[in-house]
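Remarks on the structure that follows.
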Amino acid sequence: MYWRLSNLYFWFFALLGGLLPYWSLYLEGQGYSYLQIATLMATIQLTKIVAPSVWGYLGDRTGQRVRLVRLGAVSGSVFFAGVFLDPEFLGLLLVMLVFTFFWNAILPLYEVITLRALGERRDKYGRIRLWGSVGFIGAVALVGALLEQVRIQYLPWLLLPVFAGIAVSSFLVPSEKGERQAPAPRGSLKSVVLQPAVITFFAMNFLLQVSHGAYYTFFSIHLEQHGYGKLAIGLLWSLGVIAEIGLFLVMHRFFRRFSVRAIVLCALVLTMMRWVMIAEFTTVLSILIVAQLLHAASYGALHAVSVQYIHGFFGRHHHGQGQALYSGLTFGAGGALGAWMSGFLVDGFSTSAAFWGGAVAMAIAIAVTWRGLQPPPVNR
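Residue numbers (our numbering): 15 to 394.
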């Protein structure tokens, strides 16, 4: 069960490892402007606004989450092949919108599958999820090394084996009984979402992902402008995920020693410091390494907390839709807005200005969190 659950995480995040660090460089090599690059990169996040909610609803109502994961894996791989038709900007935008609509359906559904398969052993989640980080690191390092030998235009071809891995591993997922969920009480989802603590939780994560817009869209271009090669860029991306793995392994100890509020506020402050370091000290390798190690705070700690919030507040009736809202409102809307805003800042000023914009978003997130964050319910 452990390896069957871990397998899809490995391949799903391996694709992210091959895509996120290098896709902006690929688009730059294709001659697109910074605003066009920001728009195309934003589609990776944009479809998270709609897709997870649609697929999460279908998963909750039909109970066929495993079949939906397989459909998303195979369809996403097929539609990505449109990249090889060498489309113009609008054509590539359409390809990425359709491909990510199916691809972004996978993870929210799979999170529910994993937690239900673990049952009372939810403490094992971190060890299963860390294989996604391992896949990300492996893909970043391998693709970076290959791109030192071949032109960036070959990137789509290098991603094909990863798509095959996702499709195959989706058929290794343990099957569910396919039980339909009983209808939730009328208005119960609305009553959950409108709780002040839940609104604060979503606002915090929205601003967190806005701040990541510059990182996911222009970090590689920012490093390349400061003289870093593709392998070095890949290793710096990998370093952040290695720090994330380390945190996942010990996160349970932090939960025992510190309150959720203290963990979140500390992580937000460290994230703001991270963006300032990247903006101002890119050429100082030691500081840049520290900034990448802070990925453990800006993603690892806050994601681990968020999983508890979704499970605690949304309960069994709305677990899938809660996961979809988390993905759509934060990674989707927040990530897309952050990508576009960073595109305007890079186009008008510089890549450093985009990271300063991320730091400002984090300052607002700290203020919002300080006023309104409450711990999630323990038993639902």
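Positions of the beta carbon are idealized from the N, C-alpha and C atoms, including for glycine. Since we're looking at a predicted model, the values are computed, not measured.
Same chain, Cβ closer than 7 Å to G371, five either side skipped, listed in chain order: Within the sequence shown, residue 371 is the residue found at index 357, counting from 1. Answer for G371: A228, M355, S356, L359, listed in chain order.
Relative to the alpha-carbon of V88, which residue among L387, R288, A119 has its alpha-carbon at the smallest distance? For the purposes of this step, residue 88 is identified with residue 74 of the sequence shown, where counting begins at 1. For V88, the nearest C-alpha among the options comes from A119.
Would you identify the three-state DSSP class for F363, choosing helix, strand or coil? The count along the sequence shown starts at 1 and reaches residue 363 at position 349. Here F363 carries a coil assignment [DSSP, helix/strand/coil].
Output yes or no for whether 7 Å exceeds the beta carbon distance between G90 and W117. Within the sequence shown, the letter at position 76 stands for residue 90. Within the sequence shown, the letter at position 103 stands for residue 117. Contact flag set, yes.
Just how far apart, CA to CA, sit I166 and A28? On the sequence shown, residue 166 is found 152 positions in, with the first residue counted as 1. On the sequence shown, residue 28 is found 14 positions in, with the first residue counted as 1. When rounded, the distance between both Cα atoms is 18 Å.
DSSP-derived helix/strand/coil call for A119: Working through the sequence shown from its first residue, we reach residue 119 at position 105. The answer is coil: DSSP assigns A119 none of H, G, I, E or B.
Can you give me the Cβ contacts of N219 inside the same chain, cut-off strictly under 6 Å, excluding the 5 residues immediately before and after it? In the sequence shown, counting from the first residue as 1, residue 219 sits at position 205. The answer, listed in chain order, is T344.
How many Å lie between R275 and M291 at the Cα? Locating residue 275 in the sequence shown gives position 261, counting from the first residue. Locating residue 291 in the sequence shown gives position 277, counting from the first residue. Answer to the nearest angstrom: the Cα atoms are 25 Å apart.
From G254 to A315, what distance separates their C-alpha atoms? Within the sequence shown, residue 254 is the residue found at index 240, counting from 1. Within the sequence shown, residue 315 is the residue found at index 301, counting from 1. In a straight line, the C-alpha of G254 is about 13 Å away from that of A315.
According to DSSP, simplified to helix, strand and coil, what is G45? Counting from one through the sequence shown, the residue named residue 45 turns up at place 31. Of the three classes helix, strand and coil, the one that applies to G45 here is coil, per DSSP.
Determine the closest residue to S20 out of L129, G70, T61, with distance taken between C-alpha atoms. Looking up residue 20 in the sequence shown gives position 6. For the residues L129, G70, T61, the minimum Cα distance to S20 belongs to L129.
Quick one, are the C-beta atoms of V157 and G32 less than 7 Å apart? Translated into the one-based positions of the sequence shown, residue 157 becomes position 143. Translated into the one-based positions of the sequence shown, residue 32 becomes position 18. Yes, they are a contact pair.
Reducing DSSP to helix, strand and coil, say where Y124 ends up. Counting from 1 along the sequence shown, the entry for residue 124 is found at position 110. In this structure, Y124 counts as helix in the three-state DSSP scheme.
Classify T297 as helix, strand or coil using the three-state DSSP reduction. Reading the sequence shown from its first residue, position 283 is the one you call residue 297. Three-state DSSP puts T297 in coil, outside helix and strand.
How long is the line joining the alpha carbons of L107 and A311, rounded to whole angstroms? Residue numbering aside, residue 107 sits at position 93 when the sequence shown is read from its first letter. Residue numbering aside, residue 311 sits at position 297 when the sequence shown is read from its first letter. Cα to Cα, the separation comes out at about 32 Å.
With C-beta atoms as the reference, is V278 less than 7 Å away from V224? Against the sequence shown, residue 278 aligns to sequence position 264. Against the sequence shown, residue 224 aligns to sequence position 210. Using a Cβ distance threshold of 7 Å, V278 and V224 do not count as a contacting pair.
With distances taken from CA atoms, which of G352, Q163, A338, E238 is nearest V64? Numbered from 1 along the sequence shown, position 50 holds the residue referred to as residue 64. That would be A338, whose Cα lies nearest to the Cα of V64.
How many angstroms separate the CA atom of R84 from the CA atom of G149? Sequence index remark: in the sequence shown, residue 84 carries index 70 (1-based). Sequence index remark: in the sequence shown, residue 149 carries index 135 (1-based). Cα to Cα, the separation comes out at about 19 Å.
In or out: Y36 buried (at least 16 other Cβ within 10 Å) or exposed? In the sequence shown, the residue the question calls residue 36 occupies position 22. By the neighbour-count rule (16 or more Cβ atoms within 10 Å), Y36 is buried.
Using DSSP with H/G/I as helix, E/B as strand and the rest coil, what is R165? Along the sequence shown, read from residue 1 onward, the residue named residue 165 stands at position 151. DSSP places R165 in coil when its eight states are reduced to three.
What residue does the alpha helix (DSSP H) around P66 start on, and which one ends it? For the purposes of this step, residue 66 is taken as the residue at position 52 of the sequence shown. Bounds of the alpha helix (DSSP H) holding P66 are 65 to 76.
Note down the Cα distance separating T285 from L99, rounded to an integer number of angstroms. Indexing the sequence shown from 1 puts residue 285 at position 271. Indexing the sequence shown from 1 puts residue 99 at position 85. In a straight line, the C-alpha of T285 is about 39 Å away from that of L99.
Output needed for I51: all residues of its chain with C-beta closer than 6 Å, excluding positions within five of it in sequence on either side, in chain order. Taking the sequence shown and counting its residues from 1, the one referred to as residue 51 is at position 37. Excluding sequence positions up to five before and after I51, its CB lies within less than 6 Å of the CB of S38, L41, all in the same chain and listed in chain order.
Do you know how far the Cα of L123 is from the Cα of S341? Taking the sequence shown and counting its residues from 1, one reaches residue 341 at position 327. Taking the sequence shown and counting its residues from 1, one reaches residue 123 at position 109. Rounded to whole angstroms, S341 and L123 show a C-alpha spacing of 11 Å.
Is the beta carbon of F262 sitting closer than 7 Å to the one on L144? What you label residue 262 is simply residue 248 of the sequence shown in a count that begins at 1. What you label residue 144 is simply residue 130 of the sequence shown in a count that begins at 1. Yes.
So A353 and T214 are supposed to be a Cβ contact under 8 Å. How far apart are they, rounded? Counting from one through the sequence shown, the residue named residue 353 turns up at place 339. Counting from one through the sequence shown, the residue named residue 214 turns up at place 200. The Cβ separation is near 24 Å, so there is no contact.
Exposure of Y48, with buried meaning 16 or more beta-carbon neighbours within 10 Å: Counting from one through the sequence shown, the residue named residue 48 turns up at place 34. Flag for Y48 reads buried.
Taking the alpha-carbon of T296 as reference, which of R79, G152, L237 has the nearest alpha-carbon? In the sequence shown, residue 296 corresponds to position 282, counting from 1. Considering only alpha carbons, the answer is L237.
In whole angstroms, what separates the C-alpha of R200 from that of G70? Numbered from 1 along the sequence shown, position 186 holds the residue referred to as residue 200. Numbered from 1 along the sequence shown, position 56 holds the residue referred to as residue 70. Reliability fails at R200, whose pLDDT of 48 lies under 50, so the model's placement of it is uncertain and no value is given.
Answer yes or no: do L22 and S183 have a C-beta to C-beta separation smaller than 7 Å? Position 8 of the sequence shown, counting from 1, holds the residue named residue 22. Position 169 of the sequence shown, counting from 1, holds the residue named residue 183. Their beta carbons are under 7 Å apart, which means L22 touches S183 by this criterion.
Please report the residue range of the alpha helix (DSSP H) in which V83 lies. To locate residue 83, count along the sequence shown from 1; it is residue 69. From DSSP, the alpha helix (DSSP H) with V83 extends over 79 to 94.
Sorted by chain position, which residues of the same chain lie with C-beta nearer than 7 Å to V187's C-beta, five sequence neighbours on each side aside? The count along the sequence shown starts at 1 and reaches residue 187 at position 173. Within the same chain, V187 has close Cβ partners R18, L22, V80, V83, I127.
According to the Cβ coordinates, are I378 and L282 closer than 7 Å? Residue numbering aside, residue 378 sits at position 364 when the sequence shown is read from its first letter. Residue numbering aside, residue 282 sits at position 268 when the sequence shown is read from its first letter. Not closer than 7 Å, so no.
Unbroken beta strand (DSSP E) runs of length 3 or more, entirely within the segment 258 to 293: which are they? none
For the alpha helix (DSSP H) holding V212, just list the boundary residues, first then last. Locating residue 212 in the sequence shown gives position 198, counting from the first residue. First-last of the alpha helix (DSSP H) with V212: 210 to 225.
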